[in-house]
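**Q** Below you will find the structure I want to go over with you.
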Amino acid sequence: MQTETNKIGAKLRSVFLVLIMVLSTTAAFATNASASAARNYTTNRDPIDIGIADFNCDGHNDMAVATDGTHTITILLNDGTGDFTERYDVWVSKNTSRNAEWDEFSNVQFLEVGEFNGDSAPDIAIFQRNNPFKTDDNGAPAGEPGNLTILENDGCNSDSFTIGQRFTHFWAWDLAVGDINQDGNDDVVILDLLKDISNQRVVTYMGPIGTSTAPMVTALGTANANSYRSLEIGDWGESQQGLTGQCYDEDIWLLRSEGVDYATGQTTNPGNDDNVTVIEFNCQTNLFPATYTFSTSTQAGSHVVNMANTFGALDIGDMDNDGTIDTIAMTQGNLENITFSTSSAVGTWSNPALAYFGPYISYDVTVADINGDGEPDFVNPTVAYQQNTSDSAGGSTSSFWLNFPTTVQVTLSDGAGGHVTPLSYEAGRRPNIAVVGQLAGASTSAPDIVVGHTSYNFGNWVDNLGWDAQYDYLTVVEMDSKDIAVTGIEINPVDRFFGIVGEGNRDINVTITNTGMDTLTQNANLDVVLQVVDEANSSNTTVFSHDFDTPADATGCGGGCTWAFNEYVDQSSNWILETNHSVGGSDGNNAPNVSANYQNPTDFMWAGEYKTNSSGDEWSGYGRHWDDALTLEDVDLTGSDRAFLSVELFRHLGYGALGSVDATTGQWLIGDLWDDVAMIEVGSAETGWSTIACPTSAQVAGECLSGSSIWGGYDNDRAFKINGYGGVAEGRYYYGVFSSGTYYGWSNFTQEGVGEFDLSPWAGETVDIRFRLRSGFEGSIADDNESLWSGRDGYAIDNITIYKQNTAYFPNPQTLQQPLTLTNLGPGEEETASISANLLNDTIYRISATLSNHAWDEQSVNDEIIGYIQPFNLYDPAVEGIDYFNPGGLYAEGIFDIDVVTNNWGNTMVDYDIKATVFSATPSDVLCSAPAVICKESFEGGANGYVYSDDGNPQGAIYNEATCNDVIFNNNAYWFGHPCDTATQGYGDLWENETLTIPGVDLTSMSGDFVSLNFEYYADTFYGIDVDGTSIVDVNDYASINVDFTKGSDTYSGVLLGQWNDYDEDGTCRNDDNGDGFTNSSESINQAEISFIGDSASTDGSAGNYNVFFNTDDL
0 MQTETNKIGA KLRSVFLVLI MVLSTTAAFA TNASASAARN YTTNRDPIDI GIADFNCDGH
60 NDMAVATDGT HTITILLNDG TGDFTERYDV WVSKNTSRNA EWDEFSNVQF LEVGEFNGDS
120 APDIAIFQRN NPFKTDDNGA PAGEPGNLTI LENDGCNSDS FTIGQRFTHF WAWDLAVGDI
180 NQDGNDDVVI LDLLKDISNQ RVVTYMGPIG TSTAPMVTAL GTANANSYRS LEIGDWGESQ
240 QGLTGQCYDE DIWLLRSEGV DYATGQTTNP GNDDNVTVIE FNCQTNLFPA TYTFSTSTQA
300 GSHVVNMANT FGALDIGDMD NDGTIDTIAM TQGNLENITF STSSAVGTWS NPALAYFGPY
360 ISYDVTVADI NGDGEPDFVN PTVAYQQNTS DSAGGSTSSF WLNFPTTVQV TLSDGAGGHV
420 TPLSYEAGRR PNIAVVGQLA GASTSAPDIV VGHTSYNFGN WVDNLGWDAQ YDYLTVVEMD
480 SKDIAVTGIE INPVDRFFGI VGEGNRDINV TITNTGMDTL TQNANLDVVL QVVDEANSSN
540 TTVFSHDFDT PADATGCGGG CTWAFNEYVD QSSNWILETN HSVGGSDGNN APNVSANYQN
600 PTDFMWAGEY KTNSSGDEWS GYGRHWDDAL TLEDVDLTGS DRAFLSVELF RHLGYGALGS
660 VDATTGQWLI GDLWDDVAMI EVGSAETGWS TIACPTSAQV AGECLSGSSI WGGYDNDRAF
720 KINGYGGVAE GRYYYGVFSS GTYYGWSNFT QEGVGEFDLS PWAGETVDIR FRLRSGFEGS
780 IADDNESLWS GRDGYAIDNI TIYKQNTAYF PNPQTLQQPL TLTNLGPGEE ETASISANLL
840 NDTIYRISAT LSNHAWDEQS VNDEIIGYIQ PFNLYDPAVE GIDYFNPGGL YAEGIFDIDV
900 VTNNWGNTMV DYDIKATVFS ATPSDVLCSA PAVICKESFE GGANGYVYSD DGNPQGAIYN
960 EATCNDVIFN NNAYWFGHPC DTATQGYGDL WENETLTIPG VDLTSMSGDF VSLNFEYYAD
1020 TFYGIDVDGT SIVDVNDYAS INVDFTKGSD TYSGVLLGQW NDYDEDGTCR NDDNGDGFTN
1080 SSESINQAEI SFIGDSASTD GSAGNYNVFF NTDDL
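Just so we're aligned, residue 0 is where the sequence shown starts under numbering that gives the first Met the number 0, counting upward by one.
As structure tokens, this is what we get:
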């Protein structure tokens, strides 16, 4: 395995990920960096496609959302102000039981909206993939093919849909809707693949769609010749005469790609995926052709536009709104650029040009006129950040970073046929689709962008294994022409691990960003104020309290604070007032030490249910496919500048996981996760839904492993990866799972307990506070097989108190008043302002940054950021390494200095001492090989022969450098490659497991306490150098040290990564994670006690090292 101790940028050839450790150096308060306003609205799992329409006919656009890995789609209703809090899901799986299994997921891939049944209320068309390749318990095919489903709106005021017509399509690549024959009825077109996974078709269903609707098939032939996977609908602009004069229609636009055999994955007809094929609709016959076969010769009724591209996503657009398509756009190989072509007349297309959208991967593009200049703008949801680097041979490579913030890139036209520098909108965890439409703001404002997110599996990085990917939502980005915003406040330095501010002099940096679409030459003022909170003279007002044993007290809530039950999947809530304090601890499932009832002798609210099993035992737990919220609505935080939530929470959760068996090892490896998640969210008109930051003390205590108010059944595994492997929650580092669930029990998020939740970001607003349990496909007492019941009690709340504070401040605040003269500040460009402050421990500070004197600004919601910090001293002196007089080193007789590198990894100045203990010992010989000899190998041979053995492959051999001009060892040495004749005998490609072995090292007869391995080595391989000119990346050619050993009757194999130094003299290299005074193999490694081997991770030696050998400056 290959790792780097400080900074990781390399790729692995094994099942284990490189560990990415992000060390924070700033504490930050931030908004969406380039958006006028961005609001998040929750959906079911993995929202991957979005349709916009006014479903309830109130004059405001709503949204329908395709969600993958579920049985439903999500509907979000607009309240008329651009707020999409109101949500309900529509069950679309054929098995209508709430207890349907995971292999019955509808897996909706595509969603379009239109009027399909003639009642003027917008309907929905979806393609649900279902599970076409499913097998039964005996391995026999039992697949459920996909289908096109029409969801009929039950009426403008119904807020419900009914399953209409279903049309079977084994597999579909794309779906589109349009009024093809211009008769006022929307039509549906689907690009599908037949069950033979070879023959392709475009199938059209002409509206209105009912029981008698027949498919209109256009056969495209087999995929072996040409494949088609992208479909759009729009008018080519051809002129045809009907019976009553000229007729107009919409045509099929396809992206023609290489020939492929889908059964084997082999390319059968190589070529670029860049030919846009247009198949005309004949408005005289009201038909598409029955067949289409590509030909290099011109064919009547079809057209081909070559985009001179390699491959990528496709979109088309009508920028001048004349009804004819005038723009074609594709992502160029899904990397960095858009290839686009425009039409000035029917059939006349410009040479393809490029528009740069940034250093990202993007699998989708949307064409729209966002800035209103009549020219095409491009919107790209990005999957990963691309970093281009040079290498040790002078070439260049690209790396893709999965933990960078992913964005939506907006590339605006410059009004003269070109495009300006792209804008970046931080819009979620892994954007996969961006749809443009009018969703918020005035009808005359710029169109908005709604962004969907999904989970990607990048080998050993799986998004859904992390916390972020278990919080599913859409982001609505409201666009404005002229807007400037305060987008961030950063405080530095902080500690390395938690990012917590300590006492002492700190820099406070404020970022101001042009979040509109116009270049700004304007004036404004910025006021930055740092105030010390006077807690003694601040007044608190209780807004709401409820212990669930007595009636709620909402006298301080201004008429609000009412409980609402919101179950989004089937609108049947399972939140109940739990008054039975003795059930669940003896019969059935829950032992007293984990039962929500037994641990809480009072009444509380619980998202759960009771079931009696076939033996008559009563079990408590929760079901599968729940998305159940207990919402405190209209919480009045107005008139305050701080607010807090105190609550007691119970969490005992599991999860559902799917995976596969590794073909090499036969062991199970997780591939996807449906976590059972408990959360607290705040709903705001300004920000939409979001979780709350965890109290610092609770985070340190391990009560919020995610760092925010979201808890999952997979949390134990996530913590194990982070603490035990130094990795990330999304990583796959081991086979199987570490834990089947996570038990937190009851936790007191109170001043006296682990800390209160800070609602100050929403002070001054009226908000909703939502306690939500979302379960995956397992549940804890849901399976028909009772032996699989776990009986976890899920989520419960008790003793909730919300109070707000009219804060008093000590006199003499520290202020910065700075006039802003903005000169040609382009969209997305920034300016900064800074002040310094001497912060005191355990003192509360209010930091505000406010824009004023800017009447030209169109959006006021982003003119201010207010944050509160309470410095919390963390003392963390660390031994980073020993630079000289290393353990295990060989030194001549004499006096030596011991150079120890230490650092303060905490956030506060601290005094500490260094103690070095040196033990002397008389060395004894270690024997190895058979017959046993002193374990020393010089590679000189002679009468004593050789100790080593190898794999017998001539790719490794002894050379004496006699023919070399520049000598390295100047004697015999074992080389993988050659000391000087590297052109013909240097190492080559795909050298795997070339080995040199020192066999039979006998450590059973030695008289000492430790064994030292010493050797000389030289390494010169191919690697990459990062854009900073010093960081080494892409270390793929390397040597490592493996150890095979026996202990008792057991045999082990390992990779030597470093040497353990027992600095704390506890006799173990592990941490006591649970504080019980004992350590075991499940607890994390004490990384500070490991001195890692290997070569430097930077050209100047400043960035730690990799645990392998690949590059030495000399011997």
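Glycine included, every Cβ here is placed at the ideal spot set by N, Cα and C.
Report yes or no: is there a C-beta of chain D within less than 8 Å of the C-beta of C693?
**A** As a matter of chain content, chain D is missing from the structure shown, which is built from one protein chain.
**Q** By Cβ distance below 6 Å, which residues in the same chain neighbour R404 in space, the five residues on each side in sequence not counted?
**A** Numbered from its first residue, the sequence shown carries residue 404 at position 405. At residue 404 the sequence reads Pro, which differs from the Arg that was named. Cβ neighbours of P404 beyond the five flanking positions: E425.
**Q** For the alpha helix (DSSP H) holding I49, just list the boundary residues, first then last.
**A** For the purposes of this step, residue 49 is taken as residue 50 along the sequence shown, with counting starting at 1. Careful: I49 lies outside any alpha helix (DSSP H), inside the beta strand (DSSP E) at P46 to A52.
**Q** If I follow the unbroken beta strand (DSSP E) through G711, where does it start and stop?
**A** Here residue 711 refers to the residue found at position 712 when the sequence shown is read from its first residue. Residues I709 to G711.
**Q** Which of helix, strand or coil does DSSP assign to D714?
**A** For the purposes of this step, residue 714 is taken as the residue at position 715 of the sequence shown. Looking at D714 - three-state DSSP - the assignment turns out to be helix.
**Q** Are the region 455 to 465 and the region 666 to 677 in contact at 8 Å, needing three or more beta carbon pairs?
**A** Yes, the region 455 to 465 is in contact with the region 666 to 677.
**Q** Count the other C-beta atoms from every protein chain shown that fall within 10 angstroms of the C-beta of D626, then say buried if there are 16 or more, exposed otherwise.
**A** Locating residue 626 in the sequence shown gives position 627, counting from the first residue. Buried: at least 16 other Cβ atoms inside 10 Å.
**Q** Look at G499 and N906 and say whether their C-beta atoms are less than 8 Å apart.
**A** In the sequence shown, the residue the question calls residue 499 occupies position 500. In the sequence shown, the residue the question calls residue 906 occupies position 907. Just to set this straight, residue 499 is Ile in the shown sequence, not Gly. Yes, they are a contact pair.
**Q** Secondary structure at E374, three-state DSSP: helix, strand or coil?
**A** Residue mapping note: residue 374 aligns to position 375 of the sequence shown, counting from 1. In this structure, E374 counts as coil in the three-state DSSP scheme.
**Q** Alpha carbon to alpha carbon, what distance is there between A468 and N225?
**A** On the sequence shown, position 226 is the one that residue 225 refers to. On the sequence shown, position 469 is the one that residue 468 refers to. C-alpha separation (whole angstroms): 36 Å.
**Q** Once DSSP output is grouped into helix, strand and coil, what is the label at Q598?
**A** Here the question's residue 598 lines up with position 599 in the sequence shown. Of the three classes helix, strand and coil, the one that applies to Q598 here is helix, per DSSP.
**Q** Please report the straight-line C-alpha distance between A700 and I1084, rounded to a whole angstrom.
**A** In the sequence shown, counting from the first residue as 1, residue 700 sits at position 701. In the sequence shown, counting from the first residue as 1, residue 1084 sits at position 1085. C-alpha separation (whole angstroms): 19 Å.
**Q** So, with DSSP's three-state summary, where would you put N906?
**A** Within the sequence shown, residue 906 is the residue found at index 907, counting from 1. Coil, per DSSP.
**Q** Figure out for me which residue from F547, Y654, D250 and L576 has the closest Cα to the Cα of R623.
**A** As a first step, residue 623 must be located in the sequence shown, where it is residue number 624. The candidate whose alpha carbon is nearest that of R623 is Y654.
**Q** Going by beta carbon distance, what residues of the same chain come within less than 6 Å of Q521, once the five residues before and after it are set aside?
**A** For the purposes of this step, residue 521 is taken as the residue at position 522 of the sequence shown. The answer, listed in chain order, is L821 and W855.
**Q** Need the endpoints of the beta strand (DSSP E) that T512 sits in, please.
**A** As a working mapping, residue 512 is identified with position 513 in the sequence shown. Start and end: G503 to N513.
**Q** DSSP puts Y1051 in a beta bridge; with which residues?
**A** Within the sequence shown, numbered from 1, the residue matching residue 1051 stands at position 1052. Paired residues: F1044.
**Q** Between which two residues does the beta strand (DSSP E) holding T695 run?
**A** Start at 1 with the first residue of the sequence shown, and residue 695 comes out as number 696. No beta strand (DSSP E) holds T695; the alpha helix (DSSP H) holding it covers T695 to V699.
**Q** What does a CB cutoff of less than 8 Å around G427 pick up in its chain, not counting 5 residues either side in sequence?
**A** Within the sequence shown, the letter at position 428 stands for residue 427. Contacts found: N39, T405, V450, H452, Y472 and T474.
**Q** Cα separation between N1106 and S1081?
**A** Numbered from its first residue, the sequence shown carries residue 1106 at position 1107. Numbered from its first residue, the sequence shown carries residue 1081 at position 1082. If you take the alpha carbons of N1106 and S1081, they lie about 23 Å apart.
**Q** Return yes when the Cβ of K133 is within less than 8 Å of the Cβ of G142, no when it is not.
**A** Against the sequence shown, residue 142 aligns to sequence position 143. Against the sequence shown, residue 133 aligns to sequence position 134. A contact, by the Cβ cut-off of 8 Å.
**Q** Mind checking who K610 pairs with in its DSSP beta bridge?
**A** Here residue 610 refers to the residue found at position 611 when the sequence shown is read from its first residue. Partner(s): W618.
**Q** Is the number of C-beta pairs between the region 255 to 265 and the region 198 to 210 that are closer than 8 Å three or more?
**A** Flag = no, the region 255 to 265 and the region 198 to 210 do not touch.
**Q** Pairing CB atoms from the region 537 to 545 with CB atoms from the region 553 to 563, are three or more of them under 8 Å?
**A** Contact between the region 537 to 545 and the region 553 to 563 is present, because at least three Cβ pairs lie under 8 Å.
**Q** Can you name the start and end residues of the beta strand (DSSP E) that A433 belongs to?
**A** To locate residue 433, count along the sequence shown from 1; it is residue 434. Its beta strand (DSSP E) spans residues P430 to G436.
**Q** Between the alpha carbons of D767 and G682, how many angstroms are there, rounded?
**A** For the purposes of this step, residue 767 is taken as residue 768 along the sequence shown, with counting starting at 1. For the purposes of this step, residue 682 is taken as residue 683 along the sequence shown, with counting starting at 1. Rounded to the nearest angstrom, the two C-alpha atoms are 5 Å apart.
**Q** Any idea if N43 is buried or exposed, counting beta-carbon neighbours within 10 angstroms, 16 or more meaning buried?
**A** Your numbering for residue 43 matches position 44 in the sequence shown. Buried.
**Q** Is DSSP giving Y1017 helix, strand or coil here?
**A** For this step, residue 1017 is matched to residue 1018 along the sequence shown. Note: Y1017 maps to coil in three-state DSSP.
**Q** If contact is defined by three or more beta carbon pairs under 8 Å, each pair taking one atom from either stretch, is the region 750 to 764 in contact with the region 630 to 639?
**A** With the cut-off at 8 Å, the region 630 to 639 and the region 750 to 764 touch.
**Q** At what residues does the alpha helix (DSSP H) containing A982 begin and finish?
**A** The residue labelled residue 982 in the question sits at position 983 within the sequence shown. It spans T981 to Q984 - the alpha helix (DSSP H) in which A982 sits, taken as one unbroken run.
**Q** With distances taken between CB atoms, is the gap from S779 to Y621 smaller than 8 Å?
**A** As a first step, residue 779 must be located in the sequence shown, where it is residue number 780. As a first step, residue 621 must be located in the sequence shown, where it is residue number 622. Yes.
**Q** Quick one: Cα of K6 to Cα of V909, how far?
**A** Position 7 of the sequence shown holds residue 6. Position 910 of the sequence shown holds residue 909. With a pLDDT of 23 at K6, under the threshold of 50, the modelled position of this residue cannot be trusted; read the value that follows with caution. Whole-angstrom Cα-Cα distance: 26 Å.
**Q** Can you give me the C-alpha to C-alpha distance between E151 and V187, rounded to a whole angstrom?
**A** Against the sequence shown, residue 151 aligns to sequence position 152. Against the sequence shown, residue 187 aligns to sequence position 188. Answer to the nearest angstrom: the Cα atoms are 14 Å apart.
**Q** Which ranges would you report for the alpha helix (DSSP H) in the region 655 to 706 if only whole runs of at least 4 residues count?
**A** DSSP runs (the alpha helix (DSSP H)) wholly in the region 655 to 706: 695 to 699.
**Q** Measure the alpha-carbon distance for A877 versus F497 and round it to whole angstroms.
**A** In the sequence shown, residue 877 corresponds to position 878, counting from 1. In the sequence shown, residue 497 corresponds to position 498, counting from 1. So the two alpha carbons sit approximately 15 Å from each other.
**Q** Give the straight-line distance between the Cα atoms of D482 and N271, rounded to the nearest whole angstrom.
**A** Position 483 of the sequence shown, counted from the first residue, corresponds to residue 482. Position 272 of the sequence shown, counted from the first residue, corresponds to residue 271. The alpha-carbon atoms of D482 and N271 are separated by roughly 42 Å.
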